Amino acid sequence: MLDINKIRDNKEEVGRSLSKRTTDFDLDEILSIDDKRKELLSKVELLKAKRNKESRQKPTPEAILELKKLGDTIKTLDDQVRQTELSLKEKLSVLPNIVADDVPEGNKENNKVIKVFGKKPEFLGKNHVQLAQDLNLIDYERGAKMSGSGFWVYKDRGAVLEWALLNYFIDFHRKNKYVFLFPPYLLTERSAFTSGHLPKFRDDLYWTQDGLCLDGTSEMMIGNYHRDEILEKLPLKYFAYSACFRKEAGSYRKEERGMVRGHQFNKIEMFQFTHPEKSWEAFEELRKNAEKLIEGLGLHYQTVLLAVQDISFAMAKTIDLEVWIPSMGIYKEVSSISNALDYQARRGNVKFRESGKNDFVHTLNASGLATSRLIPAILEQFQQKDGSVKVPRALHKYTGFKKIK
RNA sequence: GGUGGGGUGCCAGAGAGGCUGAAUGGGCCGCACUCGAAAUGCGGUAUGCCCGUAAGGGUAUCAGAGGUUCAAAUCCUCUCCCCACCGCCA
Numbered sequence: 185m186l187d188i189n190k191i192r193d194n195k196e197e198v199g200r201s202l203s204k205r206t207t208d209f210d211l212d213e214i215l216s217i218d219d220k221r222k223e224l225l226s227k228v229e230l231l232k233a234k235r236n237k238e239s240r241q242k243p244t245p246e247a248i249l250e251l252k253k254l255g256d257t258i259k260t261l262d263d264q265v266r267q268t269e270l271s272l273k274e275k276l277s278v279l280p281n282i283v284a285d286d287v288p289e290g291n292k293e294n295n296k297v298i299k300v301f302g303k304k305p306e307f308l309g310k311n312h313v314q315l316a317q318d319l320n321l322i323d324y325e326r327g328a329k330m331s332g333s334g335f336w337v338y339k340d341r342g343a344v345l346e347w348a349l350l351n352y353f354i355d356f357h358r359k360n361k362y363v364f365l366f367p368p369y370l371l372t373e374r375s376a377f378t379s380g381h382l383p384k385f386r387d388d389l390y391w392t393q394d395g396l397c398l399d400g401t402s403e404m405m406i407g408n409y410h411r412d413e414i415l416e417k418l419p420l421k422y423f424a425y426s427a428c429f430r431k432e433a434g435s436y437r438k439e440e441r442g443m444v445r446g447h448q449f450n451k452i453e454m455f456q457f458t459h460p461e462k463s464w465e466a467f468e469e470l471r472k473n474a475e476k477l478i479e480g481l482g483l484h485y486q487t488v489l490l491a492v493q494d495i496s497f498a499m500a501k502t503i504d505l506e507v508w509i510p511s512m513g514i515y516k517e518v519s520s521i522s523n524a525l526d527y528q529a530r531r532g533n534v535k536f537r538e539s540g541k542n543d544f545v546h547t548l549n550a551s552g553l554a555t556s557r558l559i560p561a562i563l564e565q566f567q568q569k570d571g572s573v574k575v576p577r578a579l580h581k582y583t584g585f586k587k588i589k
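Everything in the first sequence is counted per the working numbering, starting at 185 for the first residue and increasing by one.
Written out as structure tokens, the structure reads:
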């Protein structure tokens with residue numbers, strides 16, 4: 185949610201920023217609704233002041249008659265205020281976040297590669313689906329039998345490898361003094377609103393019959409962890425593990441067979457609540473952390489600065505880390521690092537206190553990392569001529585094996 | 001799932017229709033006393049919104065949403081959460 189006062193004071197600037205993302209907004213309309221709100225509010229509060237004053241002691245019978253009429257007027261005005269506030273909130277909550285200045289304009293094709301690590305290994309021919317099946321790591325068929333397409337079962341060393349990745353991430357974050365949260369997978373509608381996933385992503389989420397939804401990313405949880413709180417000490421650094429659930433309706437493509445896009449995947453997410461002046465610093469820290477994790481695995485990847493229209497709604501800037509998937513000949517996202525500025529904090533009412541005043545914090549999130557694309561990358565990038573796969577050194581202490589054959 | 005008891009400021013805890021943004025205690029901050037500290041005394045100590053350059057004023061907020069009333073922390077309805085006991089249970 186954007187600050188109405190900021191819109192009022194910097195209309196041109198905000199408008200320019202928003203128009204990079206969409207043309208579907210009308211700041212003048214929003215401001216005029218706010219004007220109306222203020223006007224009504226002043227009016228009704230004056231009347232309330234009168235009523236409060238006269239009701240302080242028991243009024244005379246005649247006065248009561250008059251106050252009764254006053255009460256009716258107040259009620260109608262109050263209704264109008266409520267409606268105006270509602271429509272203001274509605275308009276405001278579908279506005280996306282403003283974007284950072286250094287974000288390229290346009291769509292995906294303007295994404296800018298800002299770093300490349302390692303280089304493309306020689307591709308030895310087997311894709312990760314074949315490898316996973318040949319080496320008995322993933323059971324796609326039985327996964328689909330149990331849960332439908334888009335689900336798979338990690339099996340034996342495949343499960344160990346998956347778990348090893350998670351343990352590797354967890355140890356890394358703990359070493360960096362991030363606090364480990366293991367949140368519930370189901371959350372309320374209010375929480376999904378705060379994280380910015382509602383109203384936009386309603387159809388991408390799974391819903392239960394009692395109105396809860398499965399998390400699409402643990403960011404949805406951590407962002408709500410401090411909802412309606414005034415934070416004492418900043419920054420607060422967290423990381424969370426959760427399974428993530430996405431409908432991915434209509435987005436399944438043939439080349440994304442295997443584990444590249446599933447309805448359920450594992451992800452560890454870093455999250456920071458920071459002072460407004462420190463959020464870009466934190467952004468760099470998160471990015472470095474995510475990069476270190478992939479580099480620790482020795483995978484070839486690239487860091488990409490996303491163009492405006494490729495950034496999600498609530499975020500001012502996003503950098504993706506994309507790992508090379510040899511069989512597909514493309515890079516696939518394994519981490520997304522974003523700064524939401526105060527956008528989520530406003531929705532969730534998360535503040536901090538400084539010299540007697542409260543202000544909204546900034547929130548940032550970054551995958552650290554999602555596993556479902558790392559395993560394909562590991563299998564394909566590290567496959568050997570004899571059909572085996574080398575396990576990255578960083579994982580040895582967790583897997584107990586160095587090679588899968 | 002059932003029954004009962006709760007949810008009040010930073011914390012504990014009163015208040016049970018009108019002068020209550022809210023007693024009292026603790027905490028915290030300031031001042032006095034002290035060489036310093038403790039103890040003691042005095043004062044201060046919520047947030048959103050609206051008007052105002054400001055000082056200040058107004059309004060709302062006692063879990064949340066509605067309602068009754070001239071007037072609600074206090075009465076009514078619904079929802080959520082916490083605690084206790086009972087039932088059920090992979």
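Positions of the beta carbon are idealized from the N, C-alpha and C atoms, including for glycine.
Everything numeric in this text was worked out from a predicted model, so none of it was measured.
> Quick one: complete beta strand (DSSP E) runs, 3+ long, within the region 472-510?
Replying inline: 485-489 and 501-509
> Of the residues G446, H410 and E269, which one's Cα is nearest the Cα of F335?
Replying inline: Along the first sequence, one-based indexing puts residue 335 at 151. Checking every option, the nearest Cα to that of F335 belongs to G446.
> Do F566 and the ligand ZN come close, with the Cβ less than 7 angstroms from some heavy atom?
Replying inline: For the ligand ZN, the structure offers nothing, since it holds no ligand at all.
>> Measuring straight from C-alpha to C-alpha, what distance separates F356 and L477?
In response: What you label residue 356 is simply residue 172 of the first sequence in a count that begins at 1. What you label residue 477 is simply residue 293 of the first sequence in a count that begins at 1. Going by the C-alpha atoms only, they are around 8 angstroms apart.
> Should V283 and V507 be called a contact, given that it needs their Cβ atoms to be closer than 8 angstroms?
Replying inline: Counting from one through the first sequence, the residue named residue 283 turns up at place 99. Counting from one through the first sequence, the residue named residue 507 turns up at place 323. Their beta carbons are not under 8 angstroms apart, which means V283 does not touch V507 by this criterion.
> Can you list the beta strand (DSSP E) stretches of 3 or more residues lying completely in the region 237-311, in chain order?
Replying inline: 296-301
> Taking C-alpha atoms, which residue in Q393, N360 and K227 lies nearest to F423?
Replying inline: Looking up residue 423 in the first sequence gives position 239. Cα-wise, what sits closest to F423 is N360.
> Over what stretch of residues does the beta strand (DSSP E) that includes D543 continue unbroken?
Replying inline: Taking the first residue of the first sequence as position 1, residue 543 is located at position 359. K541 to F544 is the extent of the beta strand (DSSP E) around D543.
> Are there 16 or more other CB atoms within 10 angstroms of the CB of I214, so buried, or fewer, so exposed?
Replying inline: Working through the first sequence from its first residue, we reach residue 214 at position 30. I214 is buried by the Cβ-count criterion.
>> Quick check on the burial criterion: 16 or more other C-beta atoms within 10 angstroms. Buried or exposed for E325?
In response: As a working note, residue 325 is residue 141 in the first sequence. By the neighbour-count rule (16 or more Cβ atoms within 10 Å), E325 is not buried but exposed.
>> My assumption, with CB atoms under 8 angstroms, is that D646 sits in contact with K431. Please give the rounded CB distance.
In response: Look at the range of the chain in this structure, 185 to 589, and you will see that residue 646 is not part of it.
> What residues match up with N450 in a beta bridge as DSSP calls it?
Replying inline: Mapped onto the first sequence, residue 450 falls at position 266. Beta-bridge pairing links N450 to A427.
>> Taking the straight line between their C-alpha atoms, what separation do you get for I559 and K304?
In response: Taking the first sequence and counting its residues from 1, the one referred to as residue 559 is at position 375. Taking the first sequence and counting its residues from 1, the one referred to as residue 304 is at position 120. Distance between the alpha carbons of I559 and K304 is about 16 angstroms.
> Would the beta-carbon of G400 fall within 8 angstroms of that of Q528?
Replying inline: As a working mapping, residue 400 is identified with position 216 in the first sequence. As a working mapping, residue 528 is identified with position 344 in the first sequence. Taking 8 angstroms as the Cβ cut-off, G400 and Q528 do not qualify as a contacting pair.
>> Using only CA atoms, which one of A474, V278, R358 and D323 lies nearest to T378?
In response: Here residue 378 is taken as the residue at index 194 of the first sequence, counted from 1. Comparing Cα-Cα distances from T378 to each of A474, V278, R358 and D323, the minimum goes to V278.
> Secondary structure at V337, three-state DSSP: helix, strand or coil?
Replying inline: Taking the first residue of the first sequence as position 1, residue 337 is located at position 153. Note: V337 maps to strand in three-state DSSP.
>> In this structure, how does DSSP classify K204 when only helix, strand and coil are distinguished?
In response: As a working mapping, residue 204 is identified with position 20 in the first sequence. Here K204 sits in coil by DSSP.
> In chain order, what residues of the same chain have a beta carbon less than 8 angstroms from the beta carbon of R192, not counting five sequence neighbours either side?
Replying inline: For this step, residue 192 is matched to residue 8 along the first sequence. Once the five neighbours on either side are set aside, the close Cβ partners of R192 are L215 and D218.
>> Can you give me the C-alpha to C-alpha distance between A524 and I406, rounded to a whole angstrom?
In response: Here residue 524 is taken as the residue at index 340 of the first sequence, counted from 1. Here residue 406 is taken as the residue at index 222 of the first sequence, counted from 1. If I take the Cα positions, the gap works out to 13 angstroms.
> I think K421 touches Q456, with their Cβ atoms under 8 angstroms apart; what is that distance to the nearest whole Å?
Replying inline: Within the first sequence, the letter at position 237 stands for residue 421. Within the first sequence, the letter at position 272 stands for residue 456. At roughly 5 angstroms, the Cβ-Cβ gap stays under 8 angstroms, so K421 and Q456 are in contact.
> Is R445 helix, strand or coil by DSSP?
Replying inline: Reading the first sequence from its first residue, position 261 is the one you call residue 445. Coil.
> Is the region 331-345 touching the region 365-377, taking contact as three or more C-beta pairs under 8 angstroms?
Replying inline: no
> Since F544 contacts D526 with CB under 8 angstroms, what's their CB separation in whole angstroms?
Replying inline: Counted from its first residue, the first sequence places residue 544 at position 360. Counted from its first residue, the first sequence places residue 526 at position 342. Indeed, because the Cβ distance is near 4 angstroms, the residues count as touching under 8 angstroms.
> Looking at C-alpha atoms only, which residue of I322, F585 and N351 is the closest neighbour of V337?
Replying inline: Here residue 337 is taken as the residue at index 153 of the first sequence, counted from 1. Per the Cα distances, I322.
> Roughly how many whole angstroms lie between the Cα atoms of N533 and R577?
Replying inline: Position 349 of the first sequence, counted from the first residue, corresponds to residue 533. Position 393 of the first sequence, counted from the first residue, corresponds to residue 577. Rounded to whole angstroms, N533 to R577 spans 43 angstroms at the Cα level.
>> Pull the bridge partners of S520 from the DSSP assignment, please.
In response: Position 336 of the first sequence holds residue 520. BP columns for S520 point to D504.
>> Buried or exposed, going by whether 16 or more other CB atoms sit within 10 Å of the CB of R537?
In response: The sequence position of residue 537 within the first sequence is 353, counting from 1. When all chains shown are included, R537 counts as exposed.
>> Quick check on the burial criterion: 16 or more other C-beta atoms within 10 angstroms. Buried or exposed for S551?
In response: As a first step, residue 551 must be located in the first sequence, where it is residue number 367. The residue is buried, with at least 16 neighbouring Cβ atoms inside 10 Å.
> If you draw a straight line from the C-alpha of M454 to the C-alpha of L350, how long is it?
Replying inline: Sequence index remark: in the first sequence, residue 454 carries index 270 (1-based). Sequence index remark: in the first sequence, residue 350 carries index 166 (1-based). Near 13 angstroms, if we compare the C-alpha coordinates of L350 and M454.
>> Does the contact criterion of 3 or more C-beta pairs under 8 angstroms hold for the region 245-256 versus the region 460-469?
In response: no
>> Give the list of continuous alpha helix (DSSP H) stretches no shorter than 4 residues that lie fully inside the region 373-426.
In response: 373-378 and 403-409
> Mind checking A427: buried by the 16 CB within 10 Å criterion, or exposed?
Replying inline: Sequence index remark: in the first sequence, residue 427 carries index 243 (1-based). Exposed.
> Buried or exposed: S203, going by 16 or more other Cβ atoms within 10 Å of its Cβ?
Replying inline: One-based indexing of the first sequence puts residue 203 at position 19. By the neighbour-count rule (16 or more Cβ atoms within 10 Å), S203 is not buried but exposed.
> At which residues does the alpha helix (DSSP H) containing L579 begin and terminate?
Replying inline: Along the first sequence, one-based indexing puts residue 579 at 395. Unbroken alpha helix (DSSP H) run through L579: R577 to T583.
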